[in-house]
Amino acid sequence: LGTASVRLMVGLGDLQGLFHTVIVSPQVDCSAYLTNTKTGEAIAACPFILREICGTDGVTYSNDCVLCAHNVEFGTSVAKRHDGRCTEEVPQLNCSQYQTNMLEDGRQTMVCTMIYAPVCGTDGVTYASECVLCAHNLEHRTNLGKRSNGRCEERDAKDLCKDFKEPSLMCTMEYLPHCGSDGTTYGNRCLFCNAYVYVQK
Numbered sequence: 032l033g034t035a036s037v038r039l040m041v042g043l044g045d046l047q048g049l050f051h052t053v054i055v056s057p058q059v060d061c062s063a064y065l066t067n068t069k070t071g072e073a074i075a076a077c078p079f080i081l082r083e084i085c086g087t088d089g090v091t092y093s094n095d096c097v098l099c100a101h102n103v104e105f106g107t108s109v110a111k112r113h114d115g116r117c118t119e120e121v122p123q124l125n126c127s128q129y130q131t132n133m134l135e136d137g138r139q140t141m142v143c144t145m146i147y148a149p150v151c152g153t154d155g156v157t158y159a160s161e162c163v164l165c166a167h168n169l170e171h172r173t174n175l176g177k178r179s180n181g182r183c184e185e186r187d188a189k190d191l192c193k194d195f196k197e198p199s200l201m202c203t204m205e206y207l208p209h210c211g212s213d214g215t216t217y218g219n220r221c222l223f224c225n226a227y228v229y230v231q232k
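Counting from 1 along the sequence shown, just add 31 to a position and that's the residue number in this note's numbering.
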């Protein structure tokens, strides 16, 4: 098993404040992972061990160290809610309530109204309505579910990746997934922004 180093520039005062707000959590001891250099740089050497935990922000982190590295990088004080993946109540998709028609060539189609009531599919795509998601499943022979009612949350990639002028040659192996508009789930912000910067060129 290897480790990944996350190098983050933090002033010594900031690092001491971070230790005070984060490391006092009885559930995660970040001091086991964080060290600081002579220049005041905080370094987290995270092992490549998948021991998932759920943060109080509702995000699943691959292990305690990755949660600590996230807190340093973003200046947050996320604590551990519980061991294991975060679970969310997923609304059920009931396609049986929508009318289908059989075409002459044997294909089935679904009849949907023009009412806009967006839902977010489990593929990260926003569909105009639950019926349109069901019609997509019928047409493409897929089994997508409904992640949530309403549009899929889209953080503005331009803002998220503003620090990435060129693709980064060094991305950590931490698993903090980002869903791209291309339907791909990227392992972390660095990998997501590399793809974004590449497409913008």
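All C-beta atoms, glycine included, are put in the ideal place defined by N, C-alpha and C. Note that this is a predicted model, so its numbers are computed, not measured.
Terminal residues of the beta strand (DSSP E) in which residue i lies
i, result
"V150", "150-152"
"L202", "The sequence as given places Cys at residue 202; Leu does not occur at that position. First-last for C202: undefined, no H or E at that position."
"S179", "177-180"
Straight-line gap, residue i to residue j (C-alpha atoms, nearest Å)
i, j, result
"I74", "R112", "24 angstroms"
"A123", "I146", "The sequence shown places Gln at residue 123, not Ala. When rounded, the distance between both Cα atoms is 20 angstroms."
"A100", "H209", "17 angstroms"
"T131", "Q139", "6 angstroms"
"G86", "S212", "25 angstroms"
"T52", "C96", "Here the model assigns T52 a pLDDT of 37, short of 50, so the residue's position is not dependable, and the following value carries that caveat. In a straight line, the C-alpha of T52 is about 16 angstroms away from that of C96."
"S56", "N94", "Because S56 sits at a pLDDT of 40, beneath the cut-off of 50, its placement in the model cannot be relied upon, and the following sentence gives the value as read from the coordinates. Cα to Cα, S56 sits roughly 15 angstroms from N94."
"V226", "E135", "In the sequence as displayed, the identity of residue 226 is Ala instead of Val. Looking at the two C-alpha atoms, the distance is approximately 43 angstroms."
"F105", "A63", "19 angstroms"
"C165", "Y217", "26 angstroms"
Among the options, nearest to residue i - alpha-carbon criterion
i, options, result
"I80", "E205, G137, L222", "E205"
"N67", "N94, V103, V59", "V103"
"T203", "R220, T215, S212", "R220"
"C224", "T216, T215, P208, P198", "P198"
"T91", "T70, D114, G106", "D114"
"N180", "T216, A226, A148", "A148"
"K232", "F195, R178, T216, F105", "F195"
"V230", "L200, A188, T173, G218", "A188"
"V228", "T216, L207, L191", "L191"
First and last residue of the uninterrupted alpha helix (DSSP H) at residue i
i, result
"K189", "188-191"
"N225", "220-231"
"D95", "95-105"
8 angstroms contact criterion, which residue i and residue j should meet: CB distance rounded
i, j, result
"C143", "S160", "6 angstroms"
"G214", "D154", "6 angstroms"
"V150", "K177", "5 angstroms"
"M141", "L175", "Not a contact, Cβ separation roughly 14 angstroms."
"H171", "Y158", "Contact flag wrong, Cβ pair sits at about 12 angstroms."
Heavy atom of the ligand ZN within 7 angstroms of residue i beta-carbon
i, result
"D154", "You won't find the ligand ZN in this model; it holds no ligand whatsoever."
Tell me the start and end of each unbroken beta strand (DSSP E) in the segment 138-172 that is at least 3 residues and wholly inside, in chain order. Along the length of the segment 138-172, whole beta strand (DSSP E) runs at least 3 residues long occupy 139-141, 150-152, reported in chain order.
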